[in-house]
Structures are given as structure tokens and as C-alpha cells.
Amino acid sequence: MKKSIGLLLFYLFFSFTAILYAQSISWTEIESGIWKGVIGQPEKFDLLKVAGVQSYHAGLEQMPKAGFPLIQQEITGLVKGGKTYLRFPLEKNEQLFGFGLNFQSVFQRGKVLTLHVDNYGGKDNGRTHAPIPFYVSTKGYGIFINSARYITVYAGTAVSLNSKSVPDIKDRNMDKSWSSHPYSDAVEILVPAAGVEIYIFAGPTTLNAVSRYNLLNGGGCLPPRWGLGFTQRMQRLTNAQGVVNEAKSFEEKGYPLDFIGLEPGWQSKSYPCTFEWDNTRFPDPIGLVQEMLKKNIRINLWTNPYLSPQAPIYKSLLPYSGSHTVWNGIVTDISIPESRKIFFGALEKGKIDIGISGYKIDEVDGGDDFLWPDVANFPSGHDAEQMRQTYGLMMQRYTSEIYHQRNQRTFGLVRASNGGGASFPYVIYNDYYNHQDFITALSNSGFGGVLWTPEVRSSKTAEEWLRRFQSNVFSPMAMINAWTNGTKPWSFPEVADQVKTMANLRMQMMPYWYSEFAKYHFRGIPPFRSMYLEDGFTIASTITENGRVNLEENPYEEARTKEVKDQYMAGEYLLVAPLFTGQISRNVILPIGKWYDFYTGIYVGDGEVISTTPGLDKIPVYVKDGGIIPMMPVMLHAPKAGQKIDLEIRYYGDKPGNYSLYDDDGETYDYEKGIYSFRQILVKIINGKLQGSIAPAPIGKPDNIGNVTYKKMTNY
Ligand code: GAL
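Residue numbers (my numbering): 455 to 1170.
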């Protein structure tokens, strides 16, 4: 009797919980392969609205058609006590990626994360520079939670009573297979708000889901050509003469340079900031900017947003500031249009309007002990948490809008971003400076529509300098961040030539980098991304009878079970496998398909694990069969608008090659009016001879391509 009452109570409880979670969400397809669901009363101040996102409809229309990627009834939600509880199904063998810019892990299944904008503190716990509430699955779908709140994610850890696959109950006393982490079949998410918008992205591939997310964000950013050249950041208290001298030494020594960054000392006061030039160090900013522009070098300015009482705009912004200061500076509530006029007006006047090419927006991430606290309040009524999650996003949006209005592209740096920011021309950086983890971050950046630079700033040895420099060359922004110690590319004479060769290679590859960024913008494909987004990298497991995997038969099992985070894809065709200080050789997992050495064109393998000992001078890079890499001559600065450039088209392997080469003026937003072209390059081998062609520039479109030659890299 007792037993049956117990059973009855259990069932009552079970159905009650089932009811609690039974609230299914209705879905509307808002773009091809993207569904929006609403639960409760979503807040008005959400990530997509703050970012001012407008989807790139034409790009989404070109994506493969796909149906809703999950069983709709299995996605449930509940709004209770001012909070939203969400549950998404998870299958066995499914791996998850994303949840923002993580530095140590690529696999996210099994994590508990609180997504919170912060300075990265050494742990992948959700506190990072871009804690994007977006994840993708190996099953080929993506999920975005459009909330500017600190969201808690149980990524396959929580076990609910009404799970579809309830884990076996085991006796810890006797059963060795007992686990402290019973199987979980869901991603559960807690949003501290009484409603939220959810977006589901179809595949069919994981990369397709990422692309759809980026295209919903308006497409990835397209930097100006010069943004893909080198940048050197000056020491903190450099003056105008220091800038001129720096540019001169780069030129004399023959190292490429496209933009120089000024650190806090350009401002009359900093921490808190004035947004005004220091007229002792920089008596004639207009003259300096002009002089540098004549040398094809642009200037970028560091700033943080916290304003000093000595800033001319301080008084007018005081009524719009938050209740707490940061380093004794006021925190302007830039979610208010009137305050933005004054605040961004000061960043434009005497800076952008005299030719400053962009900003480095510092300190909009954290940490908690110096940023505004969560008890702060802001005149707009948005609370401290919402401001924390979005300040970096707003800074990016409103600075880039100034450039957009001037029809001039920018490419800057920022320390915090969030969901919705893929189209902003900013690269995230920090001071953490761990080479291995920087590469993991580079892999992860591609899951969430952000860019990350594995910058170089200092090194203990020449080996470390060169190894870091090599990774920097294969990244979104080739940055030498010498703000603290003034390190130059040639600072380690033992490797100065090798560094120059690498820097030149970056410049030669500019037509490739530029085209790959165009694919980020127009097709949503991240230019730098994890191996797990690559076809032929993850395949179904082959587990032998004794439950062990046969790594000889199936090298991919290693990739499925052990995270691969030390190699990544750069553009359509390249696989980059950096070496770290002290390493002489390393393993590289090649996806299925034939792969070739980037430097020699020699065949290296197909769907296997290879070992390489490249020597100090080389970073291992491999090219997919049929790969086409368009190269230009070595130049010290990016080509200017309208400058014709000769191309050498390198071709690898023997599969017919096909490449979309992008071209436009490289500086303005005219591409938004259709003033650009993708030109088809076709290469094949006939009787051992290479036959190549490039489509002419369509009439009325830019044509910056001079003489074209072809180079067969692989000789059989
Ligand atoms: C740090 C930033 C550095 C540098 C420095 C200047 O917050 O990460 O790159 O700009 O401030 O004070």
C-alpha cells in the first residue's frame, strides 16, 4: 500500500514537472533556415537590438534550404518568478561548441557556464571578453539566446526527472562504473528575466549553422585592405616624433606596416580620460596624421570610455552618467541617444575627422574590482548587468557608425563584445598572453562571430618571438603590441630575417585574406575557425568490441574524444598548425582528402595523423587538394584604392581548382551598393600542364588586378 502511494506521488510529481516544462514554444521562420521563438515577455534591451542588427537577407537566401533541425516539442521553456528556464534536447554522441570566446577548451558539453562579460581570468567558466549566448552542435544546428543578462548554462550536465534518456541508477558501493556525472540529455539555460527570444539555426552542417548566425548579424565584417597589413602599437608615452621615427625605421629596415596605434599617452590625461590630444606630446595632430597618410600609414587611437572631470565634455555628460565611477571617471550611459551625440561627437571631432583610422576600445570587459559594480544604476534605467553585457557592443556599433556615415571603413580593437556583433570591424585582444590559449581562442572565435588576435608583445627568447610571430601572421589582425616594452619585429636579431620573411608572406597573401574576409561578410563563413567546422574532420566513431577505439583504423576518434585546439583553418584552403616554444615537432590531424605542404606543394597525407618537424623558420601550413592561393608581390603597405596589383595564383594538388577572388576599392562601403566583384579563378591540370583562367571584371565593377601568372606547386 505504502509502495503504491509512493508510486502515485512519484507519478503525480513526474507529470507535474512535465507540465512545468510542457510549455512548448512556437517558432516562426524569419529567414531561410532561421527560426525565432518567444517565451514570456522578452526585455526590450536585448543583444540584437543593442547591436542594431539587420540580417543580410541576400546571403541567407543563398544558403541551402533546411527544415527545423530539432524536434520542436523537445524544446521547452517556463517563465516563473521573473526567470526563464529553457531546455534543449541533446543526443548521445553530440558535441557542443561556442558559448563565446573560450581560451582553454573547444568542447563545451559537460560545462556549467555563467555568461558574463569579463576580463578572461584563466578559466573557461563563462566569464570572458565575448560570452556569446550562441552554441552549435555536431548535429548541425545552432541556438542563440537573445538576452543581455548573465545567463547560466548547463551544457549537458543537469539531469531532470522527465529526461527522455534517464541515466541508469548505480550503486557506488559495488559498481565500478558509477559516475559522479550521470548522463544528461539536455542543455538547460536560466535567463534571469521574465521572457526571452530564442533563435534556432539550421545546418545541414555545423558550419552552415554558424554562417546563418553570422548572416543574421548582417554578415561578418569586411575590413579595409590596410586592416589586413601590419600594425605596431607604440609605447604609452610616445610623442609625435616617436611615431614618425617608428614609421621610418620600419621603412628603412623593410618591414611592412599599415597602421600605428597610439596608447594612453596621446590623451592629455588618461585613466580617467579626456578624449583630447596632449598638446605637448602631439602639438599638431592634423599635421602628423597627414604626414603619415602620405607614407601610407594610418593611426589608431587607444581609449577607454571613462571620462575625467578635466574632459571638456565631462559636465555635459554628467547628467547622463551611471551612479559609479571607474578609475574616478564617469561612465556615460551610451544607451541614451542624447549622450551618444556628445560622447561619440568627441571621438569624431579632431580625431576621426582629421583622418584617424580607428580606435582601440579598452577596458569595457572587466574585472569586477574596477569596473562599475552590479549595484550601479544608469539614467536610462538599464541596469548595471545589462550595461556590462553590452557596453563593448555599443562602443563598437556607434564608433563604426561614424565611419560608415563617412563612407570610410575602419578596423579596430576592442576588449569586449557579445552576440550580435559579427558585422563590427573590431578584433578582440587582452593581456593574458598565453600562446597556446591564444590559438584555442582563435579556433573558438569562429563559432561566435568574433575575431581574435594572437598578438605579439614580448618574448623571453628569439625562438618564442618567432613562434608567436608566425601564428600572428595567420590571424585576423597581425598586431605587434609594443605598448609596454617597445618590442620591434627586429628586436631579436637572431630571427629578424625569419620574422621579415613571415611578415612579407602575410602581405603577399593579402588577396587571399581579403577574399576570405569577403566570404565572411557575404556568406557568413568565418575566416579563422576550428577544425571541427571542417568537412571530413569528424566522422562517426568505430568502437571495437572491447569498447576501445582503434586509433590506427580511425585517427578521427582522437579528434572526437580529445579536443583538437592547436590547429585551425585559415580561409577556405589552409590548415595552420603552430608550434610553441620548446616544441621541435608536432602531430597534425589532416581531415579526409589530400593535403599538401603550403611552402613546397609536396603531398603530405589524407585523413591521417602526420608528424612534422618543420624547423624554427616555418609554421606548418597545409593546403587542401585543388587549393588556390592568390598571392601578390611583397609590399610594405596594402594596395591603395584603384592600385593595380599583379597576381601569382598558386595551385596545389591535382583536383580541379575553383576560387572566388574578391575585389572592390578596399576602403569604402561602396560594396554595399554592389560595387564589387567575385571573380572566378579556375585551374586544372591537363597532360601534366596547368591550365588556369580568371573571369574578367564585370563591366562597371572595380578591376584592381594586373598581370596574372599561375604556379603549379605540386609536381607529380
Ligand atoms: C591595457 C590593454 C593594453 C594597453 C594598456 C594601456 O588594458 O590591454 O593593451 O592598451 O591597457 O594602458
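Glycine included, C-beta positions come from ideal geometry on N, C-alpha and C.
If you look at A1024, you'll find it in the beta strand (DSSP E) that goes Y1022 to A1024.
By the Cβ-count criterion, Y966 is buried, with 16 or more other Cβ atoms from all chains shown falling within 10 Å of its own Cβ. With distances taken between CA atoms, K749 lies nearest to N699 out of H889, A1149, D738 and N699.
Judged by DSSP in its simplified three-state form, L1028 adopts strand. Annotated as distal: V1075 and Y1106, with beta-carbon spacing of 8 Å or more. When the five nearest sequence neighbours on each side are left out, the beta carbons in the same chain lying within less than 7 Å of the beta carbon of S854 are those of T864, F878 and P879, in order along the chain. Distances between the C-beta of E1026 and the heavy atoms of ligand 1 are all 7 Å or more. For R690, the distance from the CB to the nearest heavy atom of ligand 1 is below 7 Å. With respect to G835, R869 sits apart: the two C-beta atoms are not nearer than 8 Å.
Going by DSSP, E485 is part of the beta strand (DSSP E) stretching over W481 to E485. In the three-state scheme derived from DSSP, where H, G and I count as helix and E and B as strand, H778 is classed as strand. In the assembly as shown, G741 is an exposed residue. Its beta-carbon has fewer than 16 other beta-carbons within 10 Å. Taking a contact to require three or more Cβ pairs closer than 8 Å, the segment 1079–1091 and the segment 971–983 do not qualify as touching.
A direct Cα-to-Cα measurement between G978 and I751 gives close to 30 Å.
Counting the other CB atoms within 10 Å of its CB gives R626 a total below 16, which places it among the exposed residues. Beta-bridge partners assigned by DSSP to P1084: I1103. The three-state reading of DSSP puts V1075 in strand, counting E and B together.
Residue burial is scored here from C-beta neighbours: T530 has at least 16 other C-beta atoms within 10 angstroms and is therefore classed as buried. Inter-residue distance for G783 and S777 is about 11 Å (C-alpha atoms, whole angstroms). If you compare the alpha carbons of V504, Q477, L1115 and G487 with that of I790, the shortest gap goes to V504.
According to the DSSP assignment, R687 belongs to the beta strand (DSSP E) that extends over F684 to R687.
In this structure, the CA atom of Y886 is about 11 Å from the CA atom of R911.
The alpha-carbon separation between P947 and R842 amounts to approximately 44 Å.
Residue environment for P766: exposed (fewer than 16 other C-beta atoms within 10 angstroms of its C-beta). Judged by DSSP in its simplified three-state form, F1132 adopts strand.
Excluding sequence positions up to five before and after V697, its CB lies within less than 8 Å of the CB of M688, I714, L716, L742, M746 and I753, all in the same chain and listed in chain order. R860 carries a coil assignment under DSSP once its states are collapsed to helix, strand and coil. Placement of the Cβ of W937 at a distance of less than 7 Å from at least one heavy atom of ligand 1 is found. N898: member of the alpha helix (DSSP H) spanning H889 to S899, first to last residue. Judged by beta-carbon spacing, N547 lies beyond the 8 Å limit of D578, meaning their Cβ atoms are not closer than that value.
Sequence-distant partners of D1079 (beyond 5 residues in either direction) whose C-beta falls short of 6 Å from its own C-beta, in its chain, are G1047, K1048, G1107 and K1109.
Boundaries of the alpha helix (DSSP H) around E918: A916 to V927. CA-CA distance, Y653 to Q508, rounds to 14 Å.
Judged by pairs of C-beta atoms under 8 Å, the segment 890–903 touches the segment 550–568, as three or more such pairs exist. Secondary structure within the segment 555–626: the beta strand (DSSP E) runs of 3 or more consecutive residues, fully enclosed, are 565–571, 588–591, 595–599 and 605–609 (chain order). Excluding residues up to 5 positions away in sequence, I767, S770 and L771 lie with their Cβ nearer than 6 Å to the Cβ of I796 in the same chain.
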